[in-house]
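Q: Numbering (mature numbering (1 follows the signal peptide of the UniProt record, and there is no 0)), first residue to last: -20 to -1, 1 to 677.
Take this structure, written in C-alpha cells, and hold onto it; I'll ask about it next.
Below, the structure is given as C-alpha cells:
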C-alpha cells in the first residue's frame, strides 16, 4: 500500500513538471506595505485598515498610485471591481512601466462602457518606447459585480496576462528572432482611474457623462512577488533563483494553452496583428519619401498606377460612397430605404380616407352638432393626419441606427497575376481568419455576437444585418415595407407612435361614421338601411377603417407587449424559438423609459462628412493601397532593402507563440514560420487544422 502511494505521488509530480504550472497564489497584503498614492490623495478612500481602497473620478480629476519599489521580473496582481453603471469615457489602468524616454511597459486597461454594454479589456506591451501592440477582449463576466484578479507573470521567457488564473495573452521572448522583449529595465507598478473620453469608448464617440459621477473603482489583495531592483540595474541579482524562473514557468501547460485558445476564439475583438491597414500604413510612414519607396519597388500589375490615380481626386461626402442600398436626399441630410416609393402608397392609404371624411361625412356632422363641436370633430382627424405624416417622415427619413462598416478586404484585379499574390494574403483576405461568433456577458447572460462579412464588424448585441438596406442596424426590430425603412434604435419610438396614432385615427373615423349614420336616422326617421344609402361614403369608410383597425390595432398591441418586455420583433421570434431568457428585460417601468423616453442617440455616421480619396477608394473598388501591400515582401521582385525593413517592422509589432506541447496539444504552430510571415493570431480554422496535422506527423 505504501509503495502504491509513493507511486501515485511520483506520477503526479512528473505530470506537474511535464505540464508546467500556474503562478503561485497571491498573498493579500495591505495597500500601504507596497504602494503609495501619486496624485489627488483626497480621491482615494481606505477601508478595513487599508486592505481595501477605492479610487474615484469626477469632472475635476482622477487619481492613482504606484509601488514603492521597482522590479525586474516577478508576479504582480490585484483584485479590482470596476466602475459600475454608465462608465463610458473612463479608463481603469493597472500596468508596469519604467517611465523613461525608451520605456518598457506592460498594460492592463479597462475601457468604460454605457450601461448594459460589456467592458472591454485592452492589453499592450511597450519595448524600447514602442508599443502599438494592443489586443482587446470582452470579459466573460461582469467585472462590476464582484472582485476579480488581474495579474502579470513576467520572467526572461515570457509575459503572461491572467484574468482569474485564465491566461488571456502571452508575449514570448523571441529576441533571437529580432522581437524586442522587456528584460533590462526595472519597472514600477501603477494603477489609475482617469478620463479618456477622447478615445476610450467607441473611439471617442461616447463622452463621459459627468452627471453619473463620481466614478468609483475598488481594489484589494495588493500582491507583489518580484525581484526588487534599483532603477539603474541591468539584471536582477537573483536571476535564476526565483520561482518564476523555474522550468515549469517558462511556458504554459497544455490546459493553459487550451484556455488561452478559448479566449482568443470566443472573446477577442481586436488584435493588432490582424489590422492590416494599420500595420502597413505605419510601415510606409517609416519611409518619409513614399515616392522613393515606390520607385525602388517593383510592383505587381495589380498595383499599377491606375489603382492609385484617384489620390488627388476631390473629396466626396460619405453618403456619396456609401455601400448600403439607401437613398439619400437633401445632400445626405435625409436617408431613406431602397423601397422608399412604398411611402406614396402608405400616405395615400391615410390621407385619402381623411379627405373623404372631412369633405363629405363631416358636412353632415356640422349640421347635427353645434358649430364649435362640429368644427372640433372635423379638426381632430385633420390634426391627427398631420401628426401621423410627421411621424412617417421621422421614421423613414432618418438614420435608424446604422452601424459604421469597415472597408472590405481587397479583391485582385482581373488582370492581376495570381502568382504574385502571397498565399497568406490569399488565405486570409476573405475575413475567414476571424471567429464567426464571440461570446460576451450582458447583464449576467452570455450572448453570442456574430461577425458580419458584409460590414466587416462584430455586430453589437441586439444588432442585425438588414438584407434589404444592406446595413447592420443597432437594436434592429424589422424592416418595414410600409415606410420603406429599417426600424432600429433611433426611430423605433417614432414607429411605435406612428402605429398607435394610425390605429386611433382609424377608430375615430370608424366611430364618427357610425355617429353620422345614427344622427341621420334620428333626424329623418330613417331605418338603418335608408341611412346607409344616404351616406355611401360612410359605408365605405366604416368597412375600410374596420379592416385596417384590426391590422394596426393588433400591431399596436404587439409592439406594446414588446415595449413592456424590452424586446424587438426579431428577438421575440428568435427567443421564442430558442427558448432563451431575455437579458434586456429590466421591468415594465424601466423598459418603457428606456424604449420610449430615453434620449435618442446621435447617428454613428456623419453622412455629410467628407471622405478622403484613399478611403472612398476602399468603398468603390475594394482595393486599397495599404491593404494591397499585405503581400509577401520576401518575393524576389521586390527590392531587398524594402523587404528586410518590412520584416523588421513586422517582428517589432507581432509577438510569436512557441509552444513545446505537441505531444499533449497538437496545434502548436511553427515558431520560425510565424516569425518570418504575417500570420495572425486568429488564424482560420482550416489553417489551424492543417498545422495541427503537420505537428502530429
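C-beta atoms are modelled at their ideal positions from N, C-alpha and C, and glycine is treated no differently.
(1) On the CB-based measure, 16 or more other CB atoms within 10 Å of its CB, does residue 416 come out buried or exposed?
(2) Counting along the chain, where does the alpha helix (DSSP H) carrying residue 509 start and finish?
(3) In the DSSP assignment, the beta strand (DSSP E) including residue 572 goes from what residue to what residue?
(4) Residues bridged to residue 251 by DSSP?
(5) Distance check for residue 152 and residue 209, CA to CA, integer angstroms please.
(6) If you reduce the DSSP assignment to three classes, tell me which class residue 365 lands in.
(7) When you compare the CB of residue 99 with every CB in chain C, is at least one pair closer than 8 angstroms?
(8) Would you mind giving the Cβ-Cβ distance between residue 171 and residue 73, rounded to the nearest angstrom? I have them listed as a contact below 8 angstroms.
(9) May I ask you to verify whether the region 459 to 471 touches the region 491 to 501, counting CB pairs closer than 8 angstroms and requiring at least 3?
(10) Tell me the rounded alpha-carbon separation between residue 346 and residue 447.
(11) Could you tell me the boundaries of the alpha helix (DSSP H) in which residue 17 lies?
(12) So what does DSSP say about residue 183, is it helix, strand or coil?
(13) For residue 173, tell me which candidate among 67, 452, 526 and 300 has the shortest Cα-Cα distance.
(14) Going by beta carbon distance, what residues of the same chain come within less than 8 angstroms of residue 10, once the five residues before and after it are set aside?
(15) Taking just the CA atoms, how far does residue 364 sit from residue 535?
(16) Are the CB atoms of residue 47 and residue 75 within a distance shorter than 8 angstroms?
(17) Tell me the DSSP secondary structure of residue 81 in three-state form.
(18) Between residue 132 and residue 588, what straight-line distance do the alpha-carbon atoms span, to the nearest angstrom?
(19) I need the boundaries of the alpha helix (DSSP H) containing residue 52, first residue and last residue.
(20) Leaving out five residues on either side along the sequence, give the residues of the same chain with a beta carbon under 7 angstroms from the beta carbon of residue 550.
(21) Within 8 angstroms, do at least three Cβ pairs link the region 561 to 575 to the region 507 to 524?
(22) Give a yes or no on whether the C-beta atoms belonging to residue 486 and residue 306 are separated by under 8 angstroms.
(23) With H, G and I counted as helix, E and B as strand and the rest as coil, what does DSSP make of residue 578?
(24) When DSSP labels each residue in this structure, what does residue 103 get in the three-state scheme?
(25) Could you work out which residue in 335, 118 and 134 is closest to residue 243 when comparing CA atoms only?
(26) How would you label residue 421, buried or exposed, when you count the other beta carbons within 10 angstroms and need 16 or more for buried?
(27) If you follow the beta strand (DSSP E) that residue 314 is part of, which residue opens it and which one closes it?
(28) How big is the Cα-Cα spacing for residue 300 and residue 437?
(29) Using CA atoms only, rank isn't needed, just tell me which of 123, 338, 86 and 122 is closest to residue 107.
(30) Evaluate residue 181 with the Cβ neighbour count: other Cβ atoms within 10 Å of its Cβ, from every protein chain shown; 16 or more gives buried, anything less gives exposed.
(31) Could you give the first and the last residue of the continuous alpha helix (DSSP H) run that contains residue 490?
(32) List the whole-angstrom C-beta distance separating residue 187 from residue 50, where the pair is believed to meet the contact cut-off of C-beta under 8 angstroms.
(33) Looking at the unbroken beta strand (DSSP E) that takes in residue 326, where does it start and where does it end?
(34) Give a single yes or no on whether residue 449 has its beta carbon closer than 7 angstroms to a heavy atom of the ligand ADP.
(35) Which residues share a DSSP beta bridge with residue 26?
(36) By the 10 Å Cβ neighbour count, where 16 or more other Cβ atoms means buried, how is residue 20 classified, buried or exposed?
A: Judging by the given coordinates:
(1) When all chains shown are included, residue 416 counts as exposed.
(2) Note, residue 509: alpha helix (DSSP H), 508 to 514.
(3) Residue 572 -> not in any beta strand (DSSP E); alpha helix (DSSP H) instead, spanning 568 to 572.
(4) In DSSP, residue 251 forms a bridge with 115.
(5) Spanning the two alpha carbons is a distance of roughly 23 angstroms.
(6) Collapsing the DSSP output to three states places residue 365 in a helix.
(7) Considering every chain present, this structure includes no chain C. It has just one protein chain.
(8) Between residue 171 and residue 73 the beta-carbon gap is near 6 angstroms, inside 8 angstroms, which marks them as a contact.
(9) At 8 angstroms Cβ cutoff, the stretches do not touch.
(10) Residue 447 has its alpha-carbon roughly 50 angstroms from the corresponding atom of residue 346.
(11) Counting along the chain, residue 17 falls outside any alpha helix (DSSP H), though it belongs to the beta strand (DSSP E) covering 15 to 19.
(12) Residue 183: helix per DSSP, three-state reduction.
(13) Each of 67, 452, 526 and 300 was checked against the Cα of residue 173, and the nearest Cα belongs to 67.
(14) Closer than 8 angstroms at the Cβ level, and outside the excluded window around residue 10, lie 29, 30, 31 and 202.
(15) Approximately 19 angstroms between the Cα atoms of the pair.
(16) No; because the gap between Cβ atoms is not below 8 angstroms, this pair is not in contact.
(17) The DSSP-derived three-state label of residue 81 is coil.
(18) Distance between residue 132 and residue 588, taken at the CA atoms: about 46 angstroms.
(19) Under the DSSP assignment, residue 52 falls outside any alpha helix (DSSP H), being part of the beta strand (DSSP E) whose first and last residues are 50 to 61.
(20) In its chain, beyond the 5 residues on either side, 444, 456, 457 and 458 have a beta carbon closer than 7 angstroms to the beta carbon of residue 550.
(21) No contact exists between the region 507 to 524 and the region 561 to 575.
(22) At the C-beta level, residue 486 and residue 306 stay beyond 8 angstroms of one another.
(23) Note: residue 578 maps to coil in three-state DSSP.
(24) DSSP places residue 103 within a strand segment (E or B) once states are collapsed to three.
(25) Nearest C-alpha to residue 243: 118.
(26) With 16 or more other Cβ atoms within 10 Å, it is buried.
(27) In this chain, the beta strand (DSSP E) harbouring residue 314 covers 314 to 316.
(28) Straight-line Cα distance between these residues: approximately 21 angstroms.
(29) Looking from the CA of residue 107, the closest CA among 123, 338, 86 and 122 belongs to 86.
(30) Buried: at least 16 other Cβ atoms inside 10 Å.
(31) For residue 490, the enclosing alpha helix (DSSP H) stretches over residues 472 to 504.
(32) Residue 187 to residue 50, Cβ: 36 angstroms. No contact.
(33) First-last for residue 326: 322 to 336, but that is the alpha helix (DSSP H), not the beta strand (DSSP E).
(34) Among the components modelled here there is no ligand, and therefore nothing to report on the ligand ADP.
(35) BP columns for residue 26 point to 33.
(36) With 16 or more Cβ atoms within 10 Å of its Cβ, residue 20 is classed as buried.
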